[in-house]
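Protein chains in written order, with the numbering used here: chain A, 45 to 289; chain B, 380 to 482; chain C, 16 to 166; chain D, 47 to 322. Backbone N, C-alpha and C define an ideal beta-carbon position, used for all residues, glycine too.
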Amino acid sequence: MTGFKRFIFELNHGFFSITLYPMRHMISKFLCSILGLLLVALLCACAAMKPEFAAQDLDRWTQEVLRRSFRDEKAVKVSILQQDASNKECSTAQSSGIELSEQKRKEIEDENFKTVVSPKDGQYFGDFKLGEVLAQDGRGLTWSDAIGQPNGGQCYNCHQLSAKELSYGTLGPSLYQYGKNRGVTDLKSEVSKPVIEYTWAKLWNSKSFNACSAMPRYGDHGILSQVQIKHLMSLLLDPRSPVNQ
Amino acid sequence: MSDPMRIRAQSSAGQTTVRVLMSHEMETGLRKDAAGKTIPAWHIQEVVASLNGKQVFSAEWGTAVSKNPYLQFIIKGGKAGDKVSVTWRDTKGEQRTDEATVN
Amino acid sequence: MTQRRDTLKWGALLPTALGIGALFTQEAQAFEKTAFEAKTWTDALKAMGVSSPTESKDLVLNCPDIAENGAVVPIAASCASPGVKKIIFLVDKNPSPLVAIFNVSEDILVNFSTRTKMSQTSDVMAVAVMQDGRALVSKKEIKVTLGGCGG
Amino acid sequence: MKSFAIAFELGRCLRFLSICAYMWTMCSFVHAQSTADAIAQYRAMLQDGNPADLFVDKGELLWKAARGPKNISLQACDLGLGPGILEGAWVQLPRYFQDTQRVQDLESRLLTCMQTLQGFDASAIAQTPFGVGEQINVSALAAFVSSRSMGQAFLLPQSHPEERRFYELGKRLFFTRAGPYDFSCSTCHAQDAKRIRLQDLPNITGKEGATAGFGAWPAYRVSNGQMWSMQQRLNDCLRQQRFPYPLFGSDFTIALGVYMGVNSKGGQSIAPALKR
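Listed below in structure tokens is the structure:
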């Protein structure tokens, strides 16, 4: 080995011997800290998976808050905050963002469909003009309503119905030409029967077809009488109704 | 005792725009209270305004001017530092004057 | 901000500082009681000695096409032609159509804004009464919509 | 040849029909658009001269006035940023207060100050109906306090566990369906671009909607000419939701306030605003 080569070797070797040890140390330290970080990350992930408050606790506290935050006023009692199974399931599904299973939805819908009562006299229709009045009327069942006064249908709050009413809501689908679009030209015809029965059931208990429907259960919850629902049936389906013009 | 008015008076290009908000019920005499009794009419009937003490504006109002009335008019002239005062009187004979500085 | 403080300060001082009673004597006698109580807009104008106003483009009525709420409907009128004595606002279908009378002086422009109540969709009118006795009118329909949940 | 002619005629007819349908859709679209424009024009014309300003002035006088059994002003009231600090206090409420050991919103905090500083009976005021007695003053004070944060970004604290717990409770309560109509807050306020009648409904589950819905109150209501605090806004929401009567400053209303306020994070406060 020439002096020069030796020098280079020494240099290299020296370099390694000087640097390798701390490097080894550094690598192990590095690995340690990576492991540490992973551990922390894992803990964090665990913490993220395990929320600060347990779901059962939050559910219990929510019920407590509901119980102590309200009082009776006129006809509106605190007891109406008791949820039935479908309201409970739908509330939880929405707040957690976890959708109801197909099976659960079906169960809720079937339960609700069982409540549908067909008209006593077999007659599904009333007066579409009175139906329009009901559709416009948003009153009923608040603590500021007079007790015993008939409730409105509040349809225009959420749906478009007759073309000339510009002030309609959009939370529900447009019902403009509801009967016409479904091919109803004669209310007495056999062909119209399935649409008529579906519409009656939907008005009676909207959750029969959509477990978490936003629409009130007008018949089942006693919001509207059979006579009132018949007027709404005419408004929706009668070919002479402003809805079908 | 009535609540103060809010008067804003801004001058630009030789004109002073005066915007006034007044605190008043402006009862129409057509409404009923919870017991079903008619609430008697009670509204601002007259409004006058002055620039540096000289009357420049007057108006007569009925029951159809909205509750907590809004009024805007434009004075010819007027400059920063001038005083605009507005006075209203209602059907009960109550009156109120407030003043603002033009800016 | 400073404006408001001024208003507050002066508001508290002024009613006592000025002899306000004198301000209104003239107007109080002139108050158009019959006109404000009239049930049609033509009767209201008649009570003020104004008849058959002619439509004019010089008189500009500025108001929205639709009022989201009839309790507060912005209305404004301005007129470029000289010789205007009064500007009168009316709402055709209100129980009492006369809303307000604005007297024009040499110190102000013919340019007024206020807000009116409307019981239903109706024509709204601004009438300009001229020094020479003529009257101009500008009309516009404002649709009043039903708002809220109706509850 | 004949069948071709029929097909041709049919094609023309269909084309004609589709043009008709297109024009019809365009027509109704233009119609809806012009209604929306007209409403926007109406709102713009009301922007200058919000009567809420009358209540801001009144609230300022009340804040500074020596009142109550102790004849003292509210100027030492701590709204979360220290005694007497108003600027920015509103955009951080509701928050946890050490002295009361409660999460409080603006109105319930004002009641605390009225009781501890001025000697008023807070529970008596809480039981007073809106628009009566000291409740009128509470809404004017709320208008004043909120005006001192106008244009500032919402930044509700979430450092105290109670603040985080109230957020979670508020979220659950927001989605709680009950009552004769099965309504929850979310029935109307959990989707974008929906309306009741002609009223736009803010989607309170997101920043933009939460800011528009939560960040505008206290507000002057055009329809009845009243100044409403958030407590009164929620009271009327719950009335129309067909819920029972919420107690003033109840945990339900405050938890909802935390949920809406935290969702508004970064949005600008426009309170006290002008509302329908």
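How many angstroms separate the CA atom of residue i from the CA atom of residue j?
i              : j              : result
residue 413(B) : residue 406(B) : 15 Å
residue 401(B) : residue 246(D) : 29 Å
residue 179(D) : residue 276(D) : 18 Å
residue 164(D) : residue 113(A) : 26 Å
residue 148(C) : residue 82(D)  : 41 Å
residue 159(C) : residue 237(D) : 27 Å
residue 196(A) : residue 311(D) : 38 Å
residue 136(C) : residue 85(C)  : 8 Å
residue 249(D) : residue 260(A) : 21 Å
residue 268(D) : residue 383(B) : 20 Å
residue 303(D) : residue 81(C)  : 33 Å
residue 476(B) : residue 464(B) : 7 Å
residue 410(B) : residue 442(B) : 12 Å
residue 97(A)  : residue 217(D) : 13 Å
residue 177(A) : residue 209(A) : 12 Å
residue 173(D) : residue 291(D) : 11 Å
residue 439(B) : residue 194(D) : 36 Å
residue 385(B) : residue 397(B) : 10 Å
residue 73(D)  : residue 207(A) : With a pLDDT of 41 at residue 73(D), under the threshold of 50, the modelled position of that residue is not reliable, and the figure given next carries that caveat. Distance between the alpha carbons of residue 73(D) and residue 207(A): 12 Å.
residue 122(C) : residue 289(A) : 57 Å
residue 234(D) : residue 215(A) : 7 Å
residue 243(A) : residue 278(D) : 38 Å
residue 212(A) : residue 204(A) : 5 Å
residue 224(A) : residue 199(A) : 18 Å
residue 173(A) : residue 103(D) : 50 Å
residue 263(A) : residue 227(D) : 11 Å
residue 452(B) : residue 182(D) : 31 Å
Assuming the contact rule is C-beta atoms closer than 8 Å, residue i and residue j should be a hit. Round their C-beta distance to whole Å, please.
i              : j              : result
residue 146(C) : residue 100(C) : 5 Å
residue 252(D) : residue 306(D) : 11 Å between Cβ atoms; not a contact.
residue 460(B) : residue 481(B) : 6 Å
residue 197(D) : residue 93(D)  : Between residue 93(D) and residue 197(D) the Cβ distance is about 15 Å, and since that is not below 8 Å, they are no contact.
residue 219(A) : residue 280(A) : 6 Å
residue 255(A) : residue 152(A) : 4 Å
residue 244(D) : residue 85(D)  : 6 Å
residue 89(C)  : residue 91(D)  : 4 Å
residue 131(C) : residue 114(C) : 5 Å
Between which two residues does the alpha helix (DSSP H) containing residue i stretch?
i              : result
residue 99(A)  : 99 to 112
residue 271(A) : 270 to 281
residue 385(B) : No alpha helix (DSSP H) holds residue 385(B); the beta strand (DSSP E) holding it covers 385 to 391.
residue 225(A) : 222 to 225
residue 304(D) : 297 to 309
residue 454(B) : No alpha helix (DSSP H) contains residue 454(B), which is instead part of the beta strand (DSSP E) from 449 to 455.
residue 207(D) : 207 to 220
residue 140(A) : 129 to 140
residue 104(D) : 98 to 110
Here's a check: name, in chain order, each residue in its chain whose Cβ is nearer than 6 Å to the Cβ of residue i, leaving out the five neighbours to either side.
i              : result
residue 240(D) : 247
residue 300(D) : 140, 149 and 151
residue 134(C) : 109
residue 212(D) : 149, 301 and 304
For the beta strand (DSSP E) containing residue i, list its first residue and its last residue.
i              : result
residue 321(D) : 319 to 321
residue 126(C) : 123 to 131
Within a Cβ cutoff of 7 Å, which residues of the same chain sit near residue i, ignoring the five residues on either side of it in sequence?
i              : result
residue 115(A) : 122
residue 404(B) : 421 and 446
residue 334(D) : In the structure displayed, chain D extends from 47 to 322; residue 334(D) sits before or after that span and is not available.
residue 134(D) : 127, 195 and 198
residue 100(A) : none
If I measure Cβ to Cβ from residue i and keep anything under 8 Å in the same chain, skipping five residues before and after, which residues do I get?
i              : result
residue 119(C) : 99, 100, 101, 102 and 125
residue 185(A) : 119, 120, 195 and 267
residue 161(D) : 167 and 168
In chain order, what residues of the region 208 to 222 of chain D put their CB closer than 9 Å to some CB of chain A? Answer in chain order: 210, 211, 214, 215, 217, 218, 219, 220, 221 and 222.
Using a beta-carbon distance cut-off of less than 7 Å, what residues from the region 124 to 143 of chain C approach chain B? Per Cβ criterion, the list reads 124, 126, 127, 128, 129, 130, 131 and 132.
Going along the chain, which residues of the region 81 to 111 of chain C sit with their C-beta nearer than 7 Å to a C-beta in chain D? 81, 82, 83, 84, 86, 87 and 89
For the region 395 to 428 of chain B, which residues have a CB atom closer than 7 Å to at least one CB atom of chain D, in sequence order? 398, 400 and 402
In the region 291 to 306 of chain D, which residues sit with their C-beta less than 8 Å from some C-beta in chain A, listed in chain order? 291, 292, 293, 296, 297, 298, 299 and 301
Under 8 Å (Cβ pairs) to chain C, residues found in the region 444 to 456 of chain B: Residues of the region 444 to 456 of chain B whose Cβ lies closer than 8 Å to any Cβ of chain C, in chain order: 444, 445, 446, 448, 449, 450, 451, 452, 453, 454, 455 and 456.
Chain-ordered residues of the region 99 to 115 of chain D with a beta carbon less than 9 Å from chain B: 99, 100, 101, 102, 103, 104 and 107
Near-chain C residues of the region 267 to 288 of chain D (beta-carbon distance less than 8 Å), N- to C-terminal order: 268, 269, 270, 271, 285 and 286
The region 168 to 185 of chain D: which residues have C-beta closer than 8 Å to a C-beta of chain B, in chain order? none
What residues in the region 381 to 395 of chain B have a beta carbon less than 9 Å from any beta carbon of chain D? 382, 383, 384, 385 and 387
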